[in-house]
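Enquirer: Residue numbers (our numbering): 55 to 739. Where a beta carbon is used, it is the ideal one built from N, C-alpha and C, also for glycine. On a predicted model such as this, the values are computed, not experimentally measured, just so you know. Would you mind keeping the following structure in view while I ask a few things?
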């Protein structure tokens, strides 16, 4: 029986789409790329004008065979890979393998997996966009030249298994630069004076904060200055010299783009960028919904545009009017600030079916899927609602020669905050005052403070700064962070990204010998060049030729100048197998102990952080901090593998009063929870 063949990337996506197209269509998955540059060699013929040497990906032979077999029997082939450069490149490679002419109208594009979008795309196929393909080839070849040229130098000079990359090295540089700022930071002392007094008429109290004088704000720099001011203020009454009431508005944020979704999911739920994108991919490709089959619940999740289609806005506004009333609808379109170097190729991330509220999908989604869907749904719908309205009150009080201020606000109309708010809104209501009111019985509370160093980057704040600087693209943020973590250049300390000793070494080498590669402007400039290639305004090999000549000179100088780095550290720990001293070495998962008598003795041991708590499961061991292969911290016994005690939460030196097992501590946004390690015991504090 003849049919039309549709090829997508993932089996989940294939299952969702096949339902919409009917029996005359067969939908299969390529499971990502089928051809790529080889892993074992550069794969770029530098002598032949940087011609890439693509090969069929190892392990995909049977899949390619089945795709060819299905293509032979098909009347028409549609390549329905993702609607971006990467998706266009995958379609181009599929066309090569299946013998499809580039001029043939075989490429279909959709940004949401809905029946209307799929059928419309199938009715309007287009030829492959070779400009998009070339933009992706330029990125791929450039990154391969950088990575496969610099990495071998790092292997020879530092240690095997290291890598450098155009975007990952800049991300590492940002984190290392921030850490150097923190290390060199010198705290500066400053003071605050809070005041509280009673209004002579109503006897209501009023809380104030020191501002300065009529001439302006006065910084409080030391205790002597504060003491002198407090002496001047002693026993003096205050007079209200200014009362200002006005309305303020908080406007809804635009729907999510990739970076803002990653940031908000990290801030709210502690999701890594990698986890956020994995969950978003699942929501995009399709979820089984009772009574409706498998549905793609959100639009394409790799986007830098905040645009919404007119149809999407109309359905959202209709939903708001139906469920809340017309008084909640926003009245005018707000122009949103665009992201630096935004391609604006797709819509913002939004729900595909606005009537499928988060509450209605509680039984269809996992806990984490529901959290992310709720975030996407509420942010998109809220963007079409009225601004929240507040009444703000600002008060100035003169006490002697000094001015104190107080401010408060109360919510008058919720607007979009009815369904979406980044944090709980709490009103600060001030006492009713009028100009000329007198403040009596004033008490002062001086407090000493010190300026704080800049905070380390979290995944969310790193994505934000990469986006602001134009480094990378929506599809590259998560893989970049995963790479620098897995290479051991950066480690997570709670939610912060902290450079390791190895990270500093690599960053110094890159700054000293490949400064232009890790230059923020260079990396952002290359993104602009890729956009120019995509627009058909430049030939992709031109950008590679321009880049490579000075890069080749840098490589030669670096290889000659970089001295070999010895990461080995001596210890006074004796090897229990041969009696030689143990050394600290660097491995894939961080530092470890290895015998100095290698290769005669190959004894190795992990470096364990001890908690000073006896293991509750055995008599000999104590609890130590370990890391999983995915670098997640957990706790186990020092006598492993003889003792198999393990806990994801940190044990504390207390016994459960209910069952006698050890208690563990888990930090949450609200503080910390102490509970019993025994899963069958429900004791909790």
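1) Provide the residue span of the alpha helix (DSSP H) that contains residue 371, from first to last.
2) Could you give the first and the last residue of the continuous beta strand (DSSP E) run that contains residue 502?
3) Taking residue 346 as the reference, which of 169, 517, 586, 484 has the closest Cα?
4) Which class does residue 414 belong to by DSSP, given the choice of helix, strand or coil?
5) Assign residue 45 to one of two classes, buried (16 or more other C-beta atoms within 10 Å of its C-beta) or exposed (fewer than that).
6) Does residue 588 pass the burial test, meaning 16 or more other C-beta atoms within 10 Å, or should it be called exposed?
7) Going along the chain, which residues of its own chain have a beta-carbon closer than 8 Å to the beta-carbon of residue 88, five neighbours each way excluded?
8) Quick one: residues in its chain with C-beta nearer than 7 Å to the C-beta of residue 68, no 5 flanking neighbours on either side, listed in chain order?
9) Are three or more beta carbon pairs between the segment 516-531 and the segment 295-305 nearer than 8 Å?
10) Tell me the residue span of the alpha helix (DSSP H) that contains residue 660.
11) Compare the Cα-Cα distances from residue 473 to each of 709, 215, 430 and report the closest residue.
12) Measuring alpha carbon to alpha carbon, tell me which residue in 184, 173, 155, 156 is nearest residue 163.
13) Would you kindly work out how many angstroms separate the C-alpha atoms of residue 535 and residue 331, rounded to a whole number?
14) Measuring alpha carbon to alpha carbon, tell me which of 599, 604, 286 ends up nearest residue 498.
15) Taking just the CA atoms, how far does residue 558 sit from residue 624?
16) Can you tell me the Cα-Cα spacing of residue 581 and residue 104, whole angstroms?
17) As an exercise, report each continuous alpha helix (DSSP H) stretch of at least 4 residues that is fully enclosed by the segment 302-363, in chain order.
18) Alpha carbon to alpha carbon, how far is residue 360 from residue 635? Give it in angstroms, no decimals.
19) Which whole-angstrom value describes the C-beta separation of residue 706 and residue 508, a residue pair presumed to lie in contact below a C-beta threshold of 8 Å?
20) If you compare alpha carbons, which of 58, 126, 216 is closest to residue 544?
21) In chain order, which alpha helix (DSSP H) runs of at least 4 residues are fully inside the segment 527-570?
22) Helix or strand or just coil, what does DSSP make of residue 623?
23) Can you check which of these residues, 166, 383, 503, is closest to residue 469 by C-alpha distance?
24) Just to check my reading of the structure: residue 432 and residue 447 have Cβ atoms closer than 8 Å, yes? What is that Cβ distance to the nearest angstrom?
25) Would you list the one or two residues that DSSP bridges to residue 264?
26) I think residue 453 touches residue 292, with their Cβ atoms under 8 Å apart; what is that distance to the nearest whole Å?
27) Have a look at residue 257 and residue 485 and give me their C-alpha separation to the nearest angstrom.
28) Name the DSSP beta bridge partners of residue 487, please?
29) Between the segment 364-374 and the segment 436-444, can you find at least three pairs of beta-carbon atoms closer than 8 Å?
30) Which of the three DSSP states, helix, strand or coil, is assigned to residue 60?
31) Flag this pair as yes or no: are the beta carbons of residue 620 and residue 227 separated by less than 7 Å?
32) Which two residues bound the contiguous beta strand (DSSP E) that contains residue 730?
33) Do you know how far the Cα of residue 577 is from the Cα of residue 394?
34) Within the chosen definition, does the segment 546-557 reach the segment 340-354 through at least 3 CB pairs nearer than 8 Å?
35) If you measure between the beta carbons of residue 496 and residue 714, is that distance less than 7 Å?
36) Give me, in chain order, the residues of the same chain whose beta-carbon lies closer than 6 Å to that of residue 90; leave out the 5 immediate sequence neighbours on both sides.
Expert: According to the data block:
1) For residue 371, the enclosing alpha helix (DSSP H) stretches over residues 364-377.
2) 492-504 is the extent of the beta strand (DSSP E) around residue 502.
3) Its Cα nearest to that of residue 346, the residue 169 stands out among 169, 517, 586, 484.
4) Looking at residue 414 - three-state DSSP - the assignment turns out to be helix.
5) No answer is possible for residue 45: the residues shown for the chain start at 55 and end at 739.
6) By the neighbour-count criterion, in which a residue is buried when 16 or more other Cβ atoms sit within 10 angstroms of its Cβ, residue 588 is buried.
7) Closer than 8 Å at Cβ, skipping near neighbours: 110, 111, 114, 117, 118, 121, 144, 147, 148, 151.
8) These residues qualify, in order along the chain: 62, 81, 82, 83.
9) With the rule of 3 Cβ pairs closer than 8 Å, the segment 516-531 does not count as touching the segment 295-305.
10) No alpha helix (DSSP H) contains residue 660, which is instead part of the beta strand (DSSP E) from 658-660.
11) Per the Cα distances, 430.
12) Of the candidates 184, 173, 155, 156, the one whose C-alpha sits nearest the C-alpha of residue 163 is 173.
13) Taking the straight line joining both Cα atoms gives about 12 Å.
14) Of the listed residues, the one whose Cα sits closest to residue 498 is 286.
15) Put simply, the backbone Cα of residue 624 is about 20 Å away from that of residue 558.
16) Whole-angstrom Cα-Cα distance: 19 Å.
17) You should have 312-323, 327-339.
18) When rounded, the distance between both Cα atoms is 60 Å.
19) The pair is not a contact, with the Cβ atoms about 32 Å apart (cut-off 8 Å).
20) In terms of CA proximity to residue 544, 216 leads the group 58, 126, 216.
21) Annotation: the segment 527-570 contains the following complete segments of the alpha helix (DSSP H) (minimum length 4 residues), in chain order: 531-540, 555-567.
22) In the displayed model, residue 623 falls within a strand according to three-state DSSP.
23) The shortest Cα separation from residue 469 among 166, 383, 503 belongs to 383.
24) In fact, because the Cβ distance is near 30 Å, the residues do not count as touching under 8 Å.
25) The bridge partners DSSP lists for residue 264 are 458.
26) So it is a contact: roughly 4 Å between Cβ atoms.
27) Straight-line Cα distance between these residues: approximately 10 Å.
28) In DSSP, residue 487 forms no bridge with anything.
29) The segment 436-444, when compared against the segment 364-374, does touch it at the 8 Å Cβ threshold.
30) Residue 60 falls in the strand class under three-state DSSP.
31) Result no, Cβ atoms of residue 620 and residue 227 do not sit closer than 7 Å.
32) Looking at the DSSP string, the run of the beta strand (DSSP E) that includes residue 730 is 725-730.
33) Model confidence at residue 394 stands at a pLDDT of 48, short of 50, so the residue's coordinates are unreliable and nothing is read from them.
34) Output reads no: the segment 340-354 does not touch the segment 546-557.
35) At least 7 Å separates the beta-carbon of residue 496 from that of residue 714.
36) Hits under 6 Å: 111.
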